[in-house]
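Every position in the sequence shown, counted from 1, becomes a number in this note's numbering once 965 is added. Even glycine gets a Cβ: it sits at the ideal position worked out from N, Cα and C.
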Amino acid sequence: MDTQRIDSSVKLADGHTMPNQGLGVYKMTEERELIDSVKVAYDAGYRLFDTAQMYGNEAAVGKAIKELNVSRDDIFVTTKVAEANQGYDKVMASVEESLKKLQLDYVDLLLVHWPIHQHFFETWKAFEVLKEQGLTKSIGTSNYGMVHLEYLATKANEMPVLNQLEVHPYLSQEAMINFDREKHIVTQAWAPLGRGRIFDDPAILKIAKHHGKSAAQIILRWHLQRGDSFIPKSVHPDRIRQNADIYDFDLTDEEMAWVDALNKNTRISQEPEMVYEIGHQYPHH
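Encoded structure:
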């Protein structure tokens, strides 16, 4: 068994480190519930907290961090720039607004939430400037496919250190993850549990029974052993703690292969290649 723990870190290409596992706060709109969830997660060992402008809860995350009353260096905060805020000037203004809501001088990681054709390069230019200014330590992307990253590479001074993607056993993203790895980009899984759609899968249940673990713990352990970073979300204290309790067992090679074989290339959200412009409607994360 490896010696990783809930607070184990992954090295990013820019030299910074990031906790490998974090708490996603998508759809956490009730302020007290979010604050309590962050506290439970922190007590369980989580140090990475992932929000976004689009989630509408950056201010609540800011309050939660304030209430933790810990050293800024002790936590890692990610936020994402919404499509409507893309373009150089809008990025600069909206990130300033995000920092005010979060009550932080900087975020650890800033992501472009979705690739859009409009403002593609000027959005990234703003990200590079924000990094130079110290308003974010690292810059990355979310929902970028190979075509987007290759296009970005034609003009970027600095490439993303992380690409956040929908990844779970029904969408294993092996080709994309290998592509990211070749480019020294960490892949971070959003919806790593497939929003619960995989919990009743017979293969998952069989492995869970064998280890005396929950379906969620088996799926997260699969992510861990294949080298994914991941940010499961939950507002239930027991599940938040349970999702952190995956470091005391191993899946065998055979069990890993069983989970690998579940891939159906089915998405919760839309193909990133279909997202072209502001105003295009599609399911978010």
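- Here the alpha carbons of Q1138 and D1070 stand approximately 35 Å from one another.
- Under the three-state reduction of DSSP output, W1079 falls in the coil class, being neither helix nor strand.
- When the alpha-carbon of V1112 is set against those of A1091, P1080, T1101 and T1088, the nearest one is in P1080.
- Looking at the backbone, the Cα of N1208 and that of I1104 are separated by about 27 Å.
- In this structure, the alpha-carbon of G1110 lies about 12 Å from that of N1143.
- Contact between L1067 and F1092 fails: their C-beta atoms lie close to 17 Å from each other, not under 8 Å.
- Between K1004 and L1033, the CB-CB gap stays under 8 Å.
- Taking all protein chains in view, the Cβ of P1167 is surrounded by fewer than 16 other Cβ atoms within 10 Å, so the residue is classified as exposed.
- By the criterion of a C-beta distance shorter than 7 Å, H1084 is surrounded in its chain by Q1051 and G1052, once the five residues flanking it on both sides are discounted.
- Non-local C-beta neighbours of L1095 in its own chain, meaning closer than 8 Å and more than five positions away in sequence, comprise V1056, M1057, V1060, L1075, T1101 and I1104, ordered along the chain.
- A distance below 7 Å between beta-carbons, with the five flanking residues on each side excluded, links L977 to the following residues of its chain, in chain order: M983, S1103, V1126, L1127 and V1151.
- Around E1048, the same chain offers H1078, W1079, I1081 and I1243 as residues with beta carbons nearer than 7 Å, after the five sequence neighbours per side are excluded.
- Beta-bridge annotation (DSSP): P984 is paired with S974.
- Within the region 1146–1228, the alpha helix (DSSP H) runs of at least 4 residues that lie entirely inside it are, in chain order, 1167–1176, 1180–1191, 1202–1209 and 1218–1225.
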